[in-house]
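Contents: one structure, followed by commentary.
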Amino acid sequence: MTNTLDAGKLTGRVAALVEAAKRAGADAADAVAVRGRSAGVSVRLGKVEGTESSESEDVSLRVFVGQRVASVSATAASDPKALAERAVAM
Numbered sequence: 001m002t003n004t005l006d007a008g009k010l011t012g013r014v015a016a017l018v019e020a021a022k023r024a025g026a027d028a029a030d031a032v033a034v035r036g037r038s039a040g041v042s043v044r045l046g047k048v049e050g051t052e053s054s055e056s057e058d059v060s061l062r063v064f065v066g067q068r069v070a071s072v073s074a075t076a077a078s079d080p081k082a083l084a085e086r087a088v089a090m
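In the numbering used here, the protein residues as written are 1 to 90.
Shown next, in the form of structure tokens:
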């Protein structure tokens, strides 16, 4: 993937999210990173009309605060502190 984080950096991003959530007041937290790539081709009457492709790296964070549970998702490049604070405030 072009201009994307490698697997080690994605793992680090997930760990940073969990730590940021705990610093923001979560009793517990978990996070996941997902990397995706898709490609498509449109064909009409046996001829290629167009092609498209997309790539993404996303993270999801789930926090537990007392009896409350909240979940947020964003791109992997998002600020871990801001994402964690938003989740804890929900």
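Ideal Cβ positions, reconstructed from N, Cα and C, are used throughout, including at glycine.
Query - Per DSSP, cross-strand counterpart(s) of G50 - result: S42
**Report entry** According to DSSP, residues forming a beta bridge with A70
**Finding:** V63
Query raised in the report: Under 8 Å between the Cβ atoms of V65 and D27?
Result: yes
Requested in this report: Return the CA-CA distance between S42 and S53, expressed in angstroms with no decimal places.
Outcome: Cα to Cα, S42 sits roughly 12 Å from S53.
**Report entry** Candidates R37, V32, R68: closest to A76 by CA position
**Finding:** The shortest Cα separation from A76 among R37, V32, R68 belongs to V32.
Query - Reference R13; option with closest CA among V88, R44, A74 - result: A74
Query raised in the report: Given a threshold of 16 other Cβ atoms within 10 Å of its Cβ, counted over all protein chains shown, does V72 qualify as buried or as exposed?
Result: When all chains shown are included, V72 counts as buried.
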